[in-house]
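Visitor: Under the working numbering, the sequence shown has 1380 at position 21, and the numbering climbs by one with no breaks.
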Amino acid sequence: MLVLSRKKNESIVINNDIKIVVVEIRGDKVRLGVEAPREVPVHRREVYDAIQRAAAEEGSSIESDSPIES
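Set out below in structure tokens:
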């Protein structure tokens, strides 16, 4: 896992078309802004996990180029 340090209003760029910005830092919470093309799904981890569970219950799977590991 690549670990990066960023301050408020600093950002990182992924694959030239996804930008993640640190919007706010308050105590132990960090708010992130994500700018990505509409066709790129962006979910919080717990939402992603729920989608995966629902898909597994239906007997299907969500296509992913690189599955996220816990």
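The C-beta atom is built at its ideal place from N, Cα and C for all residues, glycine as well.
For clarity, every value in this text was computed on a predicted model and none was experimentally measured.
At the level of alpha carbons, what is the spacing between Val-1381 and Lys-1366?
Guide: Those two C-alpha atoms are separated by around 7 Å.
Visitor: If you draw a straight line from the C-alpha of Ile-1379 to the C-alpha of Val-1393, how long is it?
Guide: Going by the C-alpha atoms only, they are around 5 Å apart.
Visitor: Give the DSSP-derived three-state secondary structure of Glu-1417 in the structure shown.
Guide: It is coil, neither helix nor strand.
Visitor: Let me check understanding here. Comparing Cα to Cα, which of Ile-1377, Ser-1370, Met-1360 lies closest to Arg-1397?
Guide: If we check each option's Cα against that of Arg-1397, Ile-1377 comes out closest.
Visitor: Give every residue of the same chain whose Cβ lies closer than 7 Å to the Cβ of Val-1372, excluding the five residues on either side of it in the sequence, and list them in chain order.
Guide: Result list for Val-1372: Lys-1378, in chain order.
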